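Residue numbers (the working numbering): -2 to 575. These notes are about the structure you will find just below.
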């Protein structure tokens, strides 16, 4: 039999929560919908056979005024626990002529509305407030409903308490769907968001009441009757005493941090865009080769999940706003390990590096193969504060790894953290991941050797990518030439060779012979000394600075340099010794 809970909204503007427990007490469905059609469609897989549908809403209303008999009887027991039911009568617009949404849903699903019928397809009316008082021996109801004067933090804390109580019920197996509801509650930044999760939690309560009514009918009390309306709820323990009124709980620092993060996320998104542009611009300006640069800003749900983590009962992040340092992240994927080093040295030279951790080195020092990545925490220096105002005072995590290291990390994360590894296969998977990590480290070394070998000049008959109608120096020829010209420089991105070939064309340089003449008299050591590179510049950056030193203002004024003339003017002044 399926045990279905419906926390039914009396109108269509608010969400309706749905939950389904199977015979073993497993939560097999939870969702929020609005229309009757959506309710029927969502529950169709569970209502075809035997089922009990516990609905938090009146099913039968016949009295013209005041309370139904069911409400009067329930209130006599539960009002002192602040769990009394509201009056229901046909004088209210929701129940004109005795028609109720709950009754319509029951009839739509083909259910018997008599709670005492014992039929294997029936609906019962339930009331979560009274149910939670009886089930969990509460001295008063939990204040998670939106009422005047209730703050979001208070409502969230009370709803999380109910979630904890349900999670502790040993005969229920609520699993991942319920854990996702907890995250929704923790991440909610508005009462409307809390309401959607609240309705689903209430639906789980309703489903549990239905589960008890079927399996242990002697533990529930039915107030009223089928003719005038009946409410089924777990029986109130006779020794339970009402609890005193208590003040609102003190603010939860974790929830305050989540709320503050949610409130400031629009500005954080802008800062994330600025961080991505900063790192990409630095790499491009330095001429360092890379495969990709991507950025992301932590979602509210992800921040909430991390902020709530605990290790052995101790918060993993005591001050989430400060301790969670990957709120803004930038990831740089390079081709070989030497490029990882070049990126790290560039950032150390150009921005404020707060922390620098070589995760691959840590793994190696432990005598293991595994996760390899360079993690740097950076902040903007005062000189860029005006240019990047949203980054001032913020920390950006930059992860730098090779494409092979990235492939291993992504696959390992997907399998171990997003998938499910059976316990009996855990040791085998560990061994295979270790073996793969070792093989990828060898592959990285071979790619580095290949790159070093490619620094040799390319034979003329291999230059098959030259377009005879293009007056520019072919990018492949230029790359080979610069590898010999600047033997100590790193490789640059392929598109950068194409870009600087266009600048050479503007200068009238259309062959390697002409370029050789231009560079013949260049003072490479003097240029290097004046630029004082604190990172390994790429070959294109070395050529860029040489052309700037040789052609001066003419180079600055080239059409292809229109978007960077200010930066070039600063560099020209530095080359001139200013």
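Even glycine gets a Cβ: it sits at the ideal position worked out from N, Cα and C. This structure is a prediction, so every number in the text was calculated from the model and none was measured.
query	result
Suppose the cutoff is 7 Å on Cβ atoms and the five residues either side in sequence are ignored; what does the same chain contact list for residue 524 look like?	542, 543, 546, 572
Distance check for residue 45 and residue 28, CA to CA, integer angstroms please.	19 Å
With a threshold of 16 other CB atoms inside 10 Å of the CB of residue 459, please say whether the residue is buried or exposed.	Any reading at residue 459 must be qualified, since the residue scores a pLDDT of 42, below 50, and its modelled position is unreliable; the value itself is stated next. By the 10 Å Cβ count, residue 459 comes out exposed.
Going by CA-CA distance only, name the one from 232, 213, 212, 211 that's closest to residue 220.	232
To which residues of the same chain is residue 339 closer than 7 Å at the C-beta, ignoring the five residues directly before and after it?	285, 487, 532, 533
With DSSP as the reference, label residue 120 as helix, strand or coil.	strand
Please name the residue in 209, 106, 58 whose C-alpha comes closest to that of residue 90.	58
Using DSSP bridges, identify the partner residues of residue 374.	352, 394
Per DSSP, what kind of secondary structure is residue 23 in: helix, strand or coil?	strand
Do you know how far the Cα of residue 129 is from the Cα of residue 99?	21 Å
For residue 389 and residue 146, what's the separation of their Cα atoms in angstroms?	37 Å
In angstroms, rounded to a whole number, what distance separates the CA positions of residue 549 and residue 521?	15 Å
In chain order, what residues of the same chain have a beta carbon less than 7 Å from the beta carbon of residue 132, not counting five sequence neighbours either side?	231
Can you tell me the Cα-Cα spacing of residue 209 and residue 397, whole angstroms?	55 Å
Between the segment 277 to 291 and the segment 306 to 320, do at least 3 Cβ pairs fall closer than 8 Å?	no
By the DSSP assignment, the beta strand (DSSP E) with residue -1 in it spans what residues?	-1 to 4
When DSSP labels each residue in this structure, what does residue 134 get in the three-state scheme?	coil
Can you give me the start and stop residues for the beta strand (DSSP E) that residue 506 sits inside?	Careful: residue 506 lies outside any beta strand (DSSP E) and carries neither H nor E.
When the Cα atoms are used, what is the spatial distance from residue 157 to residue 399?	42 Å
Looking only at its chain, what residues have a beta carbon closer than 7 Å to the beta carbon of residue 227, apart from the 5 residues adjacent to it on each side?	67, 112, 122, 219, 220, 221
Helix, strand or coil: how does DSSP classify residue 641 here?	Outside the displayed range of the chain (-2 to 575) lies residue 641, so it cannot be described from this structure.
Taking contact to mean 3 or more Cβ pairs, one atom from each stretch, closer than 8 Å, check whether the segment 377 to 388 and the segment 267 to 286 are in contact.	yes
Determine whether the beta carbon atoms of residue 9 and residue 31 lie at a separation below 7 Å.	yes
Along the chain, where does the beta strand (DSSP E) that runs through residue 18 open and close?	13 to 18
Distance check for residue 13 and residue 33, CA to CA, integer angstroms please.	10 Å
For residue 366, is the classification buried or exposed, using 16 other Cβ atoms within 10 angstroms of its Cβ as the cut-off for buried?	Its pLDDT being 49, under 50, residue 366 is placed unreliably in this model, and the value from its coordinates should be taken loosely. Buried, since its Cβ has 16 or more Cβ neighbours within 10 Å.
Measuring straight from C-alpha to C-alpha, what distance separates residue 62 and residue 302?	48 Å
Please name the residue in 335, 149, 95, 387 whose C-alpha comes closest to that of residue 370.	335
Hey, out of 501, 35, 48, 518, whose CA is closest to residue 18's CA?	48
On the premise that residue 171 lies in contact with residue 24, defined as a C-beta separation below 8 Å, what is that separation, rounded to the nearest angstrom?	5 Å
Could you check the C-alpha separation between residue 211 and residue 202 for me, to the nearest Å?	14 Å
Which residues in the same chain as residue 60 place their Cβ atom closer than 6 Å to its Cβ, once the five residues preceding and following it in sequence are excluded?	86
How far does the beta strand (DSSP E) with residue 220 in it extend, from its first residue to its last?	217 to 222
Quick check on DSSP: helix, strand or coil for residue 109?	strand
Given this structure, state the Cα-to-Cα distance separating residue 493 from residue 295, to the nearest angstrom.	32 Å
Consult DSSP for residue 415 and reduce its assignment to one of helix, strand or coil.	With a pLDDT of 48 at residue 415, under the threshold of 50, the predicted position of this residue should be treated as unreliable, though the coordinate-derived value follows. Residue 415: helix per DSSP, three-state reduction.
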